[in-house]
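The number in the numbering used here is simply the position in the sequence shown, starting from 1, with 1331 added.
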Amino acid sequence: MDTGLHARLREAGADALSCAPLLFRPTVEADRAGLESLFSAGRVMHVHDRILDQLRELVRIQSPARRFTAHELDLAVKEHLAGASVTDHGVWVFYPWNGRLVHLLDKADFARVRTDRNRNKITAEEQAVLYTKRIGVIGLSVGQSVSLALALERSFGELRIADHDRLDLSNLNRLRSGVHNLGLPKTVNVAREIAEIDPFLKVTCFHEGITRDNLDRFLLEGGRLDVLVEECDSVDIKILARQRAKAHRIAVVMDTSDRGMIDVERFDLEPERPLLHGLIDHLDPDAAAHTLNAEDKLPFVAPMAGLSTLSKRMKASMIEVGHSLASWPQLASSVFLGGALACDVVRRILLGQLTASGRFHIDPETLLPGADGPAVLVVRSEPPPPLTLRSMRDALPEAHERTKPAYPLDEPTVAQLVEAGAWAPSGGNDQPWRFLHEHGRLYLFHEPARSHSAADPGQLVPMLSLGACVENLLVKAAGVGIALSHELIHHPSEPRLVAVFGSTGPIRPVEHGLSSWLTERCTNRRMGDGSPLGDAARAALHAEVQEIPGALAHLVEGAERLDRVAVLCGEAERLRFLNATCHHELFTKEVRWTDEDAQRTRDGLDLATFEMGASEVLGMQVASDPDAIALVRRWNAGRVFMDLSGPAIRSSSAVLCISMPRMDREHALLAGRAMERAWLRATGLGLAVHPISAPILLGLMAHSAVFDTKEREAIGHCAGGIREVFATGDRSPAFLLRLFRAPAPSVRSLRLPLNTIWANAPAMAIP
Ligand SMILES: Cc1cc2nc3c(=O)[nH]c(=O)nc-3n(C[C@H](O)[C@H](O)[C@H](O)COP(=O)(O)O)c2cc1C
């Protein structure tokens, strides 16, 4: 036996990564000796010889029109052997990793028989074309499936595979392998499986996976790839692989194993084609030249994974990753489907039968629709019609009678007051106010069309905002030297009329009062520095809140009590997110996803004001899907929502609770005034302010029809916890403000134009 063969055998036996079978042709002297030494070295564990069956198939295939009897078939095989011994026919294949020695037809006959049933879905000529092609597969999860399908179809001349990972038990829900292969490199697993199907196929392994350094080698060495199948997890490599494939004009195919999504990028036909159909054009793909950190990667992930079109279960599962799930799910059915689809697409590309580029879905759930997931039960109630000038004016005579006489307010003064009112905070930035200037008085109306919510039929939340608005007018008037009288109105037939303002004459402007902070005040959702609140701030806040009749301030400070508040707020946020109606209202009415949206509507919650990182924004996008949320709710999951405000609360100097003797419309208005005073004072003290209203506002809305018994119980638990931790006794908590020290927010929320909120604004008066 020649020493080279010995060496090969030794290597093959000892090398844990061996995946190349050894071929011995008994008619070749050296191979005979090699075979013998295999036996004498005790390397052969099993001998498998079904060569006669293979010969019979070969003979039958060569004369497809003929019907052979068993005897005729054996005669034909004999004839085919032309006197040679059957043992010496073909090739003996030794698989070093399992000690099997298998007797097979030699390459051409083997290929002929093994691909016979491809014909004529793949003709013999097409098959021959495929044998000249090189395919690269990066990532061997879906990639394994693609590789095996391609190997089964014998659709390549060379398959280059790359993955740096090893087989784990948790891979075995979708990767085809036995438990005896656990710990094996995924490349080796695939290469061995292919070699066991067909020892003549050329498979080149990149066990180290794809790196910046070896990418070009993978694409080019041994001949340029004809198609690249990109199935890896790394965002940088995904981008780089496309950039290099484009540069070398190699077509790229990617299957995403969810909803049968498949991407085809024909850089071979369209050299100028943007990467990933232009979906990442707004980003900087050259960023991939540097190693991306987790946050930098995320903007690329959404378009790559097709976030907006993911299946409901995938979205719901993504919400759970890091909480009740260690990683996102992948099913064998989707992976196998992906393997089959990619194999079909690759073959047709190689044969010139498919030229299209784009993103396609071959989704069984859409093609074969069924029922999955709970129904999304949103309680809808018709929004009331907006206030009209007429209905506002109709309320005036009676209101006029019920209010004390006052000096007339002129238009320039009213313009200043309305502008100050507009700066007030409001729930969801809905700005539920409308002004009318008549007979020298200024009337403030509640515009329920702006604040309408099925969860808040009593409309207590907008009363808090309107209270803040009232306070802004009073503070502004004091600042500019107008003694402003105001009366809160309970109009018998027009409940939308909230307050009437008149002047009692000029006064000396209050210097250094709260009015200095009217335009500074804002919501800041950043993290705090955890610095202590300080005695002076504490005293000033208590005093400010007590300016309003009935209002009291309760402060919680210190890590332990803040943590308690964080947990209660977390529970409330989770309840709010998982409730179908609250979820619907948050995402259809409140959130403004883009700057353009925010600029167009000039209301709502501009996502940019949330101070979120890219991963949190992605999370919000996923969580905006009502069907996904319905699943999370059914699974009794959604722990992620408990962390929404927790870290921010824990980073605060204090949380301020404003309490009232009770919470009705009148007290909610007063609570809103107290909240605004505290907010303005805190701003003056250099404190950042962030309302965290969920536990209290849910408590106010608990009796609405949108909550079920279980939710009401949970809301009751949160509300009770808040009363306890702030020691409000039998008073009603009305609002929570997180106080902390931090830089100014990166973005300020916008306001409606004044002529929208001032019903009879003269054009000249608008600043
Ligand atoms: C009644 C009420 C409830 C609010 N609830 C929350 C809340 O739960 N979370 C939050 O981040 N902001 C909350 N805010 C803040 C508003 O979103 C904010 O005031 C509005 O978007 C306007 O922005 P500005 O305060 O920066 O002017 C609330 C404000 C009010 C008046």
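Every residue, glycine too, gets a C-beta built ideally from N, C-alpha and C.
Taking the Cα of P1788 as reference, the smallest distance to any Cα among E1484, L2031 and R2062 is reached at L2031. Taken in chain order, the complete beta strand (DSSP E) segments of 3 residues or longer contained in the segment 2008-2058 are 2019-2022. Fully enclosed alpha helix (DSSP H) runs of no fewer than 4 residues occupy 1663-1681 and 1695-1698 of the segment 1662-1705, in order along the chain. In this structure, L1348 sits near P1516, with a CB-CB distance shorter than 8 Å.
In the structure shown, the three-state DSSP call for M1943 is coil. By the beta-carbon neighbour count (other beta carbons within 10 angstroms, threshold 16), I1469 is buried.
Remark: C-beta atoms of H1377 and R1431 approach each other more closely than 8 Å.
A distance of 8 Å or more separates the beta carbons of E1818 and A1799. At a Cβ-Cβ threshold of 8 Å, L1386 and W1423 do not count as neighbours. Taking the C-beta atoms as reference points, S1784 is found no nearer than 8 Å to E1997.
Distances from the CA of H1914 to each of V1898, A1351, P1957 and N1545 were compared; the closest alpha carbon is that of P1957.
The C-alpha of M1635 is placed about 8 Å away from the C-alpha of L1610. The continuous alpha helix (DSSP H) containing S1368 extends over residues E1360 to S1371. For R1857, there is no enclosing beta strand (DSSP E), as DSSP gives it neither H nor E. The beta strand (DSSP E) runs of length 3 or more contained entirely in the segment 1480-1544 are, from start to end of the chain, 1489-1493 and 1533-1537. Sixteen is the threshold: when 16 or more other Cβ atoms of the shown chains lie within 10 Å of the Cβ of G2003, as they do, the residue is buried. By the Cβ test, the segment 1971-1986 is in contact with the segment 1649-1659, since at least three Cβ pairs between them sit closer than 8 Å. Excluding its 5 nearest sequence neighbours in each direction, L1682 has C-beta neighbours in its own chain below 6 Å: E1457, listed in chain order. Within the same chain, and ignoring the five residues on either side of F1691 in sequence, the residues whose Cβ sits closer than 6 Å to its Cβ are I1593. Looking at the DSSP output, H1434 bridges to D1380 and W1423. Look at W1764 here: in three-state DSSP terms it is strand.
For A2065, the enclosing beta strand (DSSP E) starts and ends at S2063 to F2071.
In this structure V1876 touches R2008 by the C-beta definition: roughly 7 Å separates them, less than 8 Å. When DSSP reads this structure, A1961 sits in no beta bridge, so it has no partner.
The segment 1567-1612 is shown to contain whole beta strand (DSSP E) runs of 3 or more residues at 1582-1586 and 1592-1596, in chain order. Between the alpha carbons of S1757 and K1628 lies a distance of about 35 Å. Look at R2004: its beta carbon is at least 7 Å from all of the heavy atoms in ligand 1. Per DSSP, the unbroken beta strand (DSSP E) holding H1885 starts and ends at L1883 to V1887.
Rounded to whole angstroms, the Cβ separation of K1438 and F1531 is 5 Å, and the two are in contact under 8 Å. Distances between the C-beta of L1936 and the heavy atoms of ligand 1 include at least one below 7 Å.
Comparing alpha-carbon positions, the option among A1396, S1486 and R1391 lying closest to V1444 turns out to be R1391. Within the same chain, C1350, A1351, P1352, Y1426, L1532 and V1534 come within 8 Å of A1526 by CB-CB distance, once the 5 residues on both sides are set aside. Relative to ligand 1, the nearest heavy atom lies less than 7 Å away from the CB of N1760. The C-alpha of L1461 is placed about 35 Å away from the C-alpha of L1638.
Residue range A1625 to A1636 is occupied by the alpha helix (DSSP H) that includes A1636. When rounded, the separation of the alpha-carbon atoms in S1976 and L1607 is 35 Å.
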